[in-house]
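The structure under discussion appears below in the form of structure tokens.
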Amino acid sequence: MTDSRQESREAFDDLLGYIQREVGFETGFYNDAYLDRRITARMRRTGADSYGEYRDQLTTDDGEAERLLDSLSINVTGFFRNPEAWTGIRDVLRRLTDERRSVRAWSAPCADGREPYSLAMLALDDDEINARRLSILGTDISDDSLDVARRGVYETSQTTDIGEELAPLEDSTGYVEQDGDRFQVKDRVKDLVEFENHDLIRGDPKRDFDLVLCRNLLIYIDSEYKVPIFETIEGSLRGDGYLVIGMTETLPHECRDTFEPFDKRHRIYRKA
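The number in my numbering is simply the position in the sequence shown, starting from 1, with 351 added.
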């Protein structure tokens, strides 16, 4: 927490308790540094000078509660984020669509949809991947992010160069229609992807997935709460299903009998 606000730990904890009870966001799973960054950003936007003042705003402004929930949701994303990781993902998709008549992939959390769309584009772009056998689910806790995902419209900005994100594709014009700085995902890509709201931390497992992408979430989660996430993923995977985590992330020690390394360089594991 920043020193400039000179507030007690009790005031911060009181705000977190309110957010968990009334806003419906499980603050206890996330590390304090991450939560404080996101909350402070909302406080600056609303002009709140203290945690207590911001708590009062949340009690009187339902719109702010929704905006905070969207801000707290993990929404750092991009098409083909960490491009080197997609070499390993490509190999897994080739293997799965060759071996299985139906392949189900899950991107969780998917933020604004660019990861599951990347998976669909990769499948359509590679002659060794049978995209007709593939279906993709993207889930997130933020309804606002899911609305963006379903629209499939993205814009280049000062912080996001969509054209550069699509560079791993030799020719992206078959999958994305560009109009200036605006990029629209084409229907042939959208047809492979569905979206729904799901809380990976508190929600029930899904069923019968062959591949789960859970990338760049664990770095925000307190270590003691990572195991429930992997239990949800384990319950969602078929036997010999694959898990992909972020390039800087590691499996909790408690889960290393559940998932065996398949491609350690690209952080890909197989359900044991």
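For each residue, glycine too, the CB sits at the ideal point set by N, CA and C.
All values reported here derive from a predicted model rather than from experimental measurement.
- Runs of the beta strand (DSSP E) lying entirely within the region 466 to 533, each at least 3 residues long, are 485 to 491, 504 to 506, 527 to 530 in chain order.
- For residue 556, there is no enclosing alpha helix (DSSP H), as DSSP marks it with neither H nor E.
- Between the alpha carbons of residue 512 and residue 370 lies a distance of about 33 Å.
- Of all C-beta pairs linking the region 455 to 470 to the region 548 to 563, three or more are shorter than 8 Å, placing the two stretches in contact.
- Beta-bridge partners assigned by DSSP to residue 621: 593, 611.
- Rounded to the nearest angstrom, the Cβ distance from residue 424 to residue 493 is 4 Å, consistent with a contact under 8 Å.
- By the neighbour-count criterion, in which 16 or more other beta carbons inside 10 Å mark a residue as buried, residue 399 falls on the buried side.
- At a Cβ-Cβ threshold of 8 Å, residue 409 and residue 386 do not count as neighbours.
- The C-beta separation of residue 562 from residue 374 comes to about 32 Å, leaving the pair out of contact by the 8 Å criterion.
- DSSP links residue 381 through a beta bridge to 572.
- Excluding residues up to 5 positions away in sequence, 517 lie with their Cβ nearer than 6 Å to the Cβ of residue 523 in the same chain.
- Residue range 360 to 369 is occupied by the alpha helix (DSSP H) that includes residue 363.
- The C-alpha of residue 543 lies about 6 Å from the C-alpha of residue 471.
- Going by DSSP, residue 446 is part of the alpha helix (DSSP H) stretching over 436 to 450.
- When the alpha-carbon of residue 611 is set against those of 508, 437, 623, the nearest one is in 623.
- Here residue 519 has 431, 434, 437 as same chain residues with Cβ atoms under 7 Å from its own Cβ, once five neighbours each way along the sequence are excluded.
- Linking residue 496 to residue 591 through their CA atoms gives a straight-line distance of about 31 Å.
- Cβ-Cβ distances below 6 Å link residue 439 to 614, 617, 619 in the same chain, with the five nearest sequence neighbours on each side left out; the list follows chain order.
- The Cβ-Cβ distance between residue 463 and residue 416 does not fall below 8 Å.
- Residue range 538 to 541 is occupied by the alpha helix (DSSP H) that includes residue 540, with no beta strand (DSSP E) assigned at that position.
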